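J.:
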Amino acid sequence: MDSDIATAKDLENPADRRLFRFLEILPGFTSWLTLGLVVFLSWFQPLLVACFIISFDLYWFFRSVYFAFHLRSSSKRLEQAKNTDWLGKTKQILGWDEIYHVCFFSLCNESHEVVRDSFLALSNIDYPKDKIIVVLSAEQRYRQKTEDTVAKINGEFASRFFKFLTTWHPDNLPGEIPGKGSNDHWAGLAVKNEVIDVLKIPYEKLIATFLDVDTCVLPKYFSCLTYSYLTCQDPTRTSFQPAPLFINNIWQAPMFSRNFSMSNSFWHVINQERPERLITFSSHSMSFKALVDVGFKQANVVSDDSRIFWQCFLNYDGNYWVQPLFYPVGMDATAAQGFWQTMVNVYKQQRRWAYGACEIPYVFFNFLKNKKISLKKKINQGLFLFESHWSWATNAILILVAGWLPVSFGRSRFPESLILHNLPQLTSRILTLAMIGLFVSIYVTFVFLPPRPKTKGKFSYLFFVLEWLAAPSIMIVFGALPALDAQTRLMFGKYMGFWVTEKVRKIQ
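Residue numbers are given in my numbering: position 221 of the sequence shown equals residue 225, and the series is strictly consecutive.
1) Mind checking which residues open and close the alpha helix (DSSP H) that includes MET347?
2) Determine the extent of the beta strand (DSSP E) in which GLY334 is found, giving its start and end residues.
3) Quick check on the burial criterion: 16 or more other C-beta atoms within 10 angstroms. Buried or exposed for PHE368?
4) Is the CB-CB distance between LEU39 and THR398 below 8 Å?
5) Can you give the beta carbon distance from VAL504 to CYS112, rounded, assuming they're within the 8 Å contact cut?
6) What three-state label does DSSP hand TRP394 in the structure shown?
7) Tell me which same chain residues have a C-beta within less than 6 Å of the C-beta of GLN512, skipping the five on either side of it?
8) Consult DSSP for LYS167 and reduce its assignment to one of helix, strand or coil.
9) Please determine if the region 373 to 386 and the region 305 to 322 are in contact, where contact requires at least 3 C-beta pairs separated by less than 8 Å.
10) Under 6 Å Cβ to Cβ from ALA10, same chain only, skipping five residues before and after it: list those, please.
11) Answer with buried or exposed for ASP134, where buried requires no fewer than 16 other C-beta atoms within 10 angstroms of its C-beta.
12) Can you find the residues in the same chain that come closer than 6 Å, C-beta to C-beta, to LYS381, ignoring five residues on each side of it along the sequence?
13) Please name the residue in GLY159, PHE388, MET439 whose C-alpha comes closest to that of ILE403.
14) Apply the 10 Å Cβ neighbour rule to PHE260 and answer buried if 16 or more other Cβ atoms are within range, or exposed otherwise.
15) Which residue comes first and which comes last in the beta strand (DSSP E) that contains LEU111?
16) Taking 8 Å as the threshold (C-beta atoms), are SER232 and LEU75 in contact?
17) So, using beta-carbon positions, are HIS173 and ILE136 closer together than 8 Å?
18) Between the region 237 to 252 and the region 354 to 364, do three or more beta carbon pairs fall short of 8 Å?
19) From the DSSP output, in three-state form, read off VAL138 for me.
20) Which residues does DSSP list as the beta-bridge partners of MET290?
21) If we count the other Cβ atoms within 10 Å of its Cβ and call it buried at 16 or more, is THR459 buried or exposed?
22) Go to GLU363, then tell me how far its alpha helix (DSSP H) extends in each direction, as first and last residue.
23) LEU193 and ILE200: beta carbons closer than 8 Å?
24) So, with DSSP's three-state summary, where would you put PHE44?
25) Report the CB separation of VAL296 from LYS204 in whole angstroms; it is logged as a contact under 8 Å.
26) LYS221 bridges to which residues according to DSSP?
27) What separation, rounded to the nearest whole angstrom, lies between the Cα atoms of ARG22 and LEU387?
28) Please go through the same chain and pick out, in chain order, the residues whose beta-carbon is closer than 7 Å to the beta-carbon of ASP20, but skip the five residues on each side of it.
29) In angstroms with no decimal places, state the Cα-to-Cα distance between ARG355 and ALA490.
30) I'd like to check one pair, PRO365 with GLU143: are the Cβ atoms closer than 8 Å?
31) Since ALA155 is in the alpha helix (DSSP H), which residue starts that stretch and which ends it?
32) Can you name, in chain order, every residue of its own chain whose Cβ lies under 7 Å from the Cβ of VAL469, other than the five neighbours on each side?
33) Going by the DSSP bridge assignment, what does LEU173 pair with across the sheet?
34) Give me the Cα-Cα distance between LYS552 and GLY179, rounded to the nearest whole angstrom.
35) Can you list, in chain order, the residues of its chain with a C-beta nearer than 6 Å to that of GLU102? Leave out the 5 residues immediately preceding and following it.
36) Would you give the residue range spanned by the alpha helix (DSSP H) that GLN84 belongs to?
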């Protein structure tokens, strides 16, 4: 397995390099071809496109209903999980007290306020803290700005846990992309050599949890995680995915950022009920043994959180999976000092996430090389991976824009066509019915919202409702467009680096 590939340039064999380069082109080419064909056929074969649009809108209606049921069901399970005595259940399992946790926090240039909130949350967990090893890995290139923050966090929290290791990730290491993945790679090697191997903790008894520096874990997170680890079928070949809720600063974030953050939260909540579709994202946990087996996180990629899943999936010949925890963690909605800068930051963050399309060439290339993974798994995983990025870049545009194209371009050629004449009204009615998902989203918003700050009036709740009306257009501007942007860059070999999302809690 070629596990360290980031781009086609990393391959020495010319045939392999050409194959990988073709796979890099494929996602963007398919998305642009889809949109281009819809525009062209709206003029050349408008009746065909009209039938496609109606069928696609019906598909989206049923999909919205399907997602609405999963959102409601999964949100109820998350609420139940928060009230479950996970520690009590864990203590009933023989050998539970042999399990240790190592928590990785990668610090870039975030403020002391953001970092301290995360460590306060970690210090309030109900799991025994003498079983918690913390690694705070800061970036050397920002040392002048963050050294004081690191010192304060050490001084306040180091004594609260079994071990507390601070590392400084060097800048400009060969073969690395500066970012979270390379930082986690450095931190993983450091804690293995300096703490875990010294204490001789068995890797099978150690759970690694990667937390964004703004992640606030709820009190029962590690109890729930430990119980899940001890009761799952094969814990050393399983990643554990909580539901990230981007709500830490939701009351301070601007309108479109709030709406988009809630939409992202709901997507991950829905996926908790679709474990066959889960891939590790952002904050997640896994066996330290698996981490060692694959050589830690890949240091030369942007999408490190999903890449570590694929590293394990390929290393274990397809015998690796993600188990949902049905337990939430709190994260920040994207915000900045100023409305327009927040818009820019939201776009850049979504583009970085959408650059996960680079997993398509990596996975497909290794699927062709690995003959031990079953064909069924290759088809299921490959099709879902490809379809998810294709729909990310195209669906919102097809739903909201494409319905008008056959009428605009083709009515002059087919003036008597009833389908073309009624297409706008028909698609509008179908999409109106699909708003059942919107109503469920509004309801669940109030389930997940943190308490209203005293500085916010009661009418603030009304704004949360009204903001959902702008969701369709927001999904184009901050969903489809950054996805097309990312795929186009990959298609032309304009490889992206890791863009660090700014963390702002107090908006001026």
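In this text, a Cβ means the ideal position worked out from N, Cα and C, and glycines have one as well.
What you are looking at is a predicted structure, and each value in this text was computed from that prediction instead of being measured.
T.: According to the structure shown:
1) The count along the sequence shown starts at 1 and reaches residue 347 at position 343. Its alpha helix (DSSP H) spans residues 343 to 358.
2) To locate residue 334, count along the sequence shown from 1; it is residue 330. Element bounds for GLY334: 325 to 335.
3) As a position in the sequence shown, residue 368 is number 364, starting the count at 1. Classification for PHE368: buried.
4) Taking the sequence shown and counting its residues from 1, one reaches residue 39 at position 35. Taking the sequence shown and counting its residues from 1, one reaches residue 398 at position 394. Contact flag set, yes.
5) Working through the sequence shown from its first residue, we reach residue 504 at position 500. Working through the sequence shown from its first residue, we reach residue 112 at position 108. Right, the Cβ-Cβ distance comes to about 5 Å (below 8 Å), so this counts as a contact.
6) Within the sequence shown, the letter at position 390 stands for residue 394. Reduced to three states, the DSSP call for TRP394 is helix.
7) If you number the sequence shown from 1, residue 512 lands on position 508. Here the model assigns GLN512 a pLDDT of 48, short of 50, so the residue's position is not dependable and the matter cannot be decided.
8) By 1-based counting over the sequence shown, the position of residue 167 is 163. Correct three-state label for LYS167: strand.
9) Yes, they touch.
10) Mapped onto the sequence shown, residue 10 falls at position 6. Correct list, in chain order: ASN304, VAL305.
11) Along the sequence shown, one-based indexing puts residue 134 at 130. Flag for ASP134 reads exposed.
12) Taking the first residue of the sequence shown as 1, we reach residue 381 at position 377. Here the set comprises GLY322.
13) Taking the sequence shown and counting its residues from 1, the one referred to as residue 403 is at position 399. When only C-alpha atoms are compared, the closest one is MET439.
14) In the sequence shown, residue 260 corresponds to position 256, counting from 1. PHE260 should be labelled buried.
15) Counted from its first residue, the sequence shown places residue 111 at position 107. Note, LEU111: beta strand (DSSP E), 104 to 111.
16) Here residue 75 is taken as the residue at index 71 of the sequence shown, counted from 1. Here residue 232 is taken as the residue at index 228 of the sequence shown, counted from 1. No, the Cβ-Cβ distance between LEU75 and SER232 is not below 8 Å.
17) Within the sequence shown, the letter at position 169 stands for residue 173. Within the sequence shown, the letter at position 132 stands for residue 136. Cβ atoms of HIS173 and ILE136: not closer than 8 Å.
18) no
19) Stepping through the sequence shown from its first residue, residue 138 is reached at position 134. Under the three-state reduction of DSSP output, VAL138 falls in the strand class.
20) Your numbering for residue 290 matches position 286 in the sequence shown. Beta-bridge pairing links MET290 to ALA212, SER243.
21) Here the question's residue 459 lines up with position 455 in the sequence shown. Burial call: exposed.
22) By one-based count along the sequence shown, residue 363 stands at place 359. Unbroken alpha helix (DSSP H) run through GLU363: 363 to 373.
23) Mapped onto the sequence shown, residue 193 falls at position 189. Mapped onto the sequence shown, residue 200 falls at position 196. Taking 8 Å as the Cβ cut-off, LEU193 and ILE200 do not qualify as a contacting pair.
24) For the purposes of this step, residue 44 is taken as residue 40 along the sequence shown, with counting starting at 1. In the structure shown, PHE44 sits in a helix (DSSP, three-state: H, G or I).
25) As a working mapping, residue 296 is identified with position 292 in the sequence shown. As a working mapping, residue 204 is identified with position 200 in the sequence shown. The Cβ separation is near 14 Å, so there is no contact.
26) Along the sequence shown, one-based indexing puts residue 221 at 217. Note that residue 221 is Val in the sequence shown here, rather than Lys. DSSP lists VAL333 as partners of VAL221.
27) Working through the sequence shown from its first residue, we reach residue 22 at position 18. Working through the sequence shown from its first residue, we reach residue 387 at position 383. Cα to Cα, the separation comes out at about 22 Å.
28) Within the sequence shown, the letter at position 16 stands for residue 20. Its chain contains no residue whose beta carbon lies nearer than 7 Å to that of ASP20 once the 5 sequence neighbours on both sides are disregarded.
29) Looking up residue 355 in the sequence shown gives position 351. Looking up residue 490 in the sequence shown gives position 486. About 6 Å.
30) Residue mapping note: residue 143 aligns to position 139 of the sequence shown, counting from 1. Residue mapping note: residue 365 aligns to position 361 of the sequence shown, counting from 1. In this structure, PRO365 does not lie closer than 8 Å to GLU143 by Cβ.
31) Indexing the sequence shown from 1 puts residue 155 at position 151. From DSSP, the alpha helix (DSSP H) with ALA155 extends over 147 to 161.
32) Here residue 469 is taken as the residue at index 465 of the sequence shown, counted from 1. Hits under 7 Å: ILE446.
33) On the sequence shown, position 169 is the one that residue 173 refers to. Inspection of the sequence shows that residue 173 is occupied by His rather than by Leu. DSSP output for HIS173 lists GLU143 as bridge partner(s).
34) Since the first residue shown for the chain is 5 and the last is 512, residue 552 is missing from the structure and cannot be characterised.
35) Your numbering for residue 102 matches position 98 in the sequence shown. LYS209.
36) For the purposes of this step, residue 84 is identified with residue 80 of the sequence shown, where counting begins at 1. 50 to 86 is the span of the alpha helix (DSSP H), which, as asked, contains GLN84.
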